[in-house]
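Chemist: Going left to right, the sequence shown walks through residues 1 to 161 as full-length UniProt numbering numbers them. Just so you know, even glycine gets a beta-carbon here, dropped at the ideal spot from N, CA and C. Only a predicted model underlies this, so the values are computations on that prediction, with no experimental measurement involved.
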Amino acid sequence: MTDTNRKIQAACSARSEFLLPLLFAAVSGVCIWQARDMSQLGAVFPTTIAVVTLVAALMRIGQLALRGVQSNVGRGRGSTPRRVLLVLAIAAWTLLLPWAGFLLAGLASFLTLMALAQHEPWTLRRLVGHLSTGIILVGCFYGLFALLLNVPLPVGRWFMG
Numbered sequence: 001m002t003d004t005n006r007k008i009q010a011a012c013s014a015r016s017e018f019l020l021p022l023l024f025a026a027v028s029g030v031c032i033w034q035a036r037d038m039s040q041l042g043a044v045f046p047t048t049i050a051v052v053t054l055v056a057a058l059m060r061i062g063q064l065a066l067r068g069v070q071s072n073v074g075r076g077r078g079s080t081p082r083r084v085l086l087v088l089a090i091a092a093w094t095l096l097l098p099w100a101g102f103l104l105a106g107l108a109s110f111l112t113l114m115a116l117a118q119h120e121p122w123t124l125r126r127l128v129g130h131l132s133t134g135i136i137l138v139g140c141f142y143g144l145f146a147l148l149l150n151v152p153l154p155v156g157r158w159f160m161g
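This is the structure:
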């Protein structure tokens with residue numbers, strides 16, 4: 001593998017690829033700093049999320065620094081209808097949450113967003129991969145928020161009787 005092939009393709013310019021992880025690292029630092037004034041129990045959620053975000057941002061910066069970044073001068077403009085559908089899918093998720101609950105609405109929105117973001121043809125392997133990833137991620141987020149961080153999540157009116 002040549003050095004050019006190892007470089008990460010930037011979304012736009014090589015310099016701009018570093019800006020978002022730097023911004024996330026800075027915001028995480030501010031959140032950790034602000035959590036000092038909270039109660040010990042109240043600081044658990046924001047501190048946990050800020051630390052995870054900070055670690056992810058630092059890992060991305062390290063990856064970009066180690067592998068290098070190649071500017072993307074020939075990038076496509078994207079699809080406006082697809083962007084509108086992504087926004088509508090997220091809006092539908094927020095409206096569905098009180099009725100269907102976090103688990104069902106989260107899985108439905110994950111699968112909808114993956115279907116909208118998919119550019120390659122669907123295969124059985126890709127479908128099984130998306131389904132299993134969606135179930136695992138939604139389950140992990142439910143466990144993180146509801147069980148570990150004690151954040152009350154909507155159960156859903158359809159299941160409340």
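With a CB to CB cut of under 7 Å and the five nearest residues on each side skipped, what residues in its chain are close to residue 116?
Modeler: Within the sequence shown, numbered from 1, the residue matching residue 116 stands at position 116. These residues qualify, in order along the chain: 82, 85, 86 and 89.
Chemist: So which of 114, 145, 40 and 140 has the shortest CA-CA distance to residue 131?
Modeler: As a working mapping, residue 131 is identified with position 131 in the sequence shown. When each option's Cα is compared against that of residue 131, the closest is 114.
Chemist: Going by C-alpha to C-alpha distance, which of 136, 6 and 118 sits closest to residue 65?
Modeler: Counted from its first residue, the sequence shown places residue 65 at position 65. For the residues 136, 6 and 118, the minimum Cα distance to residue 65 belongs to 6.
Chemist: How is residue 128 classed by DSSP in three states: helix, strand or coil?
Modeler: Residue numbering aside, residue 128 sits at position 128 when the sequence shown is read from its first letter. In this structure, residue 128 counts as helix in the three-state DSSP scheme.
Chemist: DSSP on residue 70, reduced to helix/strand/coil?
Modeler: For this step, residue 70 is matched to residue 70 along the sequence shown. Residue state, collapsed to three classes: strand.
Chemist: Given a cut-off of 7 Å on the beta-carbon distance, is the pair residue 164 and residue 28 in contact?
Modeler: Because residue 164 is not part of the residues shown, which for the chain are 1 to 161, the question remains open.
Chemist: What are the boundary residues of the alpha helix (DSSP H) that residue 28 is part of?
Modeler: The count along the sequence shown starts at 1 and reaches residue 28 at position 28. Segment 16–34, the alpha helix (DSSP H) holding residue 28.
Chemist: With the cut-off set at 7 Å, would you say residue 67 and residue 135 are in Cβ contact?
Modeler: Within the sequence shown, numbered from 1, the residue matching residue 67 stands at position 67. Within the sequence shown, numbered from 1, the residue matching residue 135 stands at position 135. Contact: no.
Chemist: Which residues in the same chain have their Cβ closer than 7 Å to the Cβ of residue 104, if we skip the five residues on either side of it in sequence?
Modeler: Indexing the sequence shown from 1 puts residue 104 at position 104. Once the five neighbours on either side are set aside, the close Cβ partners of residue 104 are 156.
Chemist: When burial is assigned at 16 or more other CB atoms within 10 Å of the CB, is residue 39 buried or exposed?
Modeler: Along the sequence shown, one-based indexing puts residue 39 at 39. Classified as exposed, residue 39 has fewer than 16 neighbouring CB atoms from the shown chains inside 10 Å of its CB.
Chemist: Tell me, please, which residues DSSP counts as bridged to residue 8.
Modeler: Within the sequence shown, the letter at position 8 stands for residue 8. The bridge partners DSSP lists for residue 8 are 69.
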